[in-house]
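In my numbering, the protein residues as written are 3 to 314.
C-beta: ideal position from N, C-alpha, C; glycine also.
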Amino acid sequence: MSKFMNLARKFNCFYFNGKCDLQHCRPFLVCGKQVGIMQAKVVEAACRYPDVFQMDSSGMVSMHPSLTTYEERSARINHVLTQWREERLFVTLKGWRNECYEVRTGFADPPLLKMDRSAACLFGVRQYGVEINGYTHHPQLGMSIWLQRRALSKPTWPGKWDNMVAGGLSVGHSVLDTALKEAEEEASIPAHLLANLRSAGSVSFYFESERGLFPNTEFVYDLELPADFVPHNSDGEVDLFELVPVKQVMERIFTPEYKATSCPTTLDFLIRHGFINSDNEPRLPELVELLHIPLHYLYSQSSSGKSPISPN
């Protein structure tokens, strides 16, 4: 198997390996529809709150039906998460962000509740973000990509190499709003250059770490920049930026210094721009598929049926 395929299996580790342990996981439902997957240790903790969570005879965990509104569900789950944080029950809650993600059945559906983004992985809810590939045609280096090294103070992936701009889709922000906001805060890109921002679709993958489950979708943008432009950070979340020739990027992504969950966007860029192709990657069709895991299909459990990612 090629290095590219091995890398794709790494950032899809739950999709390939975690499903073998699904007998220890439970679908998480809200309003009768699956929105996530809970591992056994989270299910055990949730069972302490029968007024918030309930488990049926088939093992599915649902938010209590008495919680009928977005506001009620959000308030109750925040109460639970605050207690878990105080008890230091889960390592991911050490990175409490005071920034919320919304939980939906599908991306286009109305939000059902919100929770602190650090807790989303405990419930295996789909997370959405934005990533911008900043690149330039440098007169000496050739086609090159701007990478950032994440600040050591970041609660996740500190000090790792990342795409030029990246950020999660928080409550109250659209995809494009998030892209523009993060581009200004992380890389100080002026408005006249952001006018060249181009949507390039999305990537999706299913990662697992000691923090929890990450069924992630990243909305991807490409931004061609002038050769003399140098990004600089203004929010304290980036240590430095480096302009890296494409050939070196294709080597760096295999190192442990590169953020694993940023690799899908980088690989997608390299494929779309022809640097990874059927000549140097014979399994290109499989690789492309692994950049687009069908998360919405996998999360199709309802209270009256089974999903493709079900423990039974």
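Membership of alanine 168 in the beta strand (DSSP E) is indicated by the continuous run 167-170.
Contact check between the segment 219-229 and the segment 261-271: three or more CB pairs, one atom from each, fall below 8 angstroms, which counts as touching. Per DSSP, reduced to three states, the secondary structure at cysteine 102 is strand.
Restricted to the segment 106-193, the beta strand (DSSP E) segments that are unbroken, complete and at least 3 residues in length are 115-118, 129-140, 144-152, 163-165, 167-170, listed in chain order. For tyrosine 51, there is no enclosing beta strand (DSSP E), since its DSSP letter is neither H nor E.
Looking at Ala77, Tyr137, Met62, Glu89, the one whose alpha-carbon comes closest to that of methionine 117 is Ala77. In the DSSP assignment, phenylalanine 221 is bridged to Val132, Ser204. Between the segment 166-177 and the segment 100-107, the count of C-beta pairs closer than 8 angstroms reaches three or more; the two stretches touch.
Using a Cβ distance threshold of 7 angstroms, asparagine 135 and phenylalanine 271 count as a contacting pair. Here the C-alpha atom of tyrosine 208 lies approximately 38 angstroms from the C-alpha atom of proline 141. Counting the other Cβ atoms within 10 Å of the Cβ of glutamate 259 gives fewer than 16, which makes it exposed. For the pair leucine 149 and glutamate 244, the CB atoms are nearer than the 7 angstroms cut-off. A distance below 8 angstroms between beta-carbons, with the five flanking residues on each side excluded, links leucine 115 to the following residues of its chain, in chain order: Val32, Met65, Tyr72, Arg75, Ser76, Ile79, Glu104, Val105. Inclusion of valine 44 and leucine 95 in the CB contact set at 7 angstroms is not warranted, their separation being larger than that value. Each of Thr268, Ala193, Asp237 was checked against the Cα of glutamine 250, and the nearest Cα belongs to Thr268.
If you compare the alpha carbons of Phe18, Ser302, Val63, Ser204 with that of leucine 178, the shortest gap goes to Ser204.
If you compare the alpha carbons of Val54, Ser60, Val63 with that of histidine 81, the shortest gap goes to Val54. The straight-line gap separating the alpha-carbon atoms of serine 120 and serine 201 is approximately 27 angstroms. For leucine 31, the enclosing beta strand (DSSP E) stretches over residues 27-32. Per the C-alpha coordinates, the member of Ala229, His234, Leu199 positioned closest to arginine 152 is His234. Going by DSSP, lysine 35 is part of the beta strand (DSSP E) stretching over 35-41. Short of 6 angstroms from the beta carbon of isoleucine 255, and not among the five residues preceding or following it, lie these beta carbons of its own chain, in chain order: Cys265, Thr268. From the listed residues Pro192, Gly214, Leu289, Asp237, the smallest Cα separation to glycine 38 is found for Gly214. Taking the Cα of leucine 297 as reference, the smallest distance to any Cα among Pro192, Phe216, Glu288, Pro228 is reached at Phe216. Taking C-beta atoms as the reference points, leucine 227 and threonine 138 count as a pair closer than 7 angstroms. Among the bridge pairs identified by DSSP, methionine 65 is matched with Phe55.
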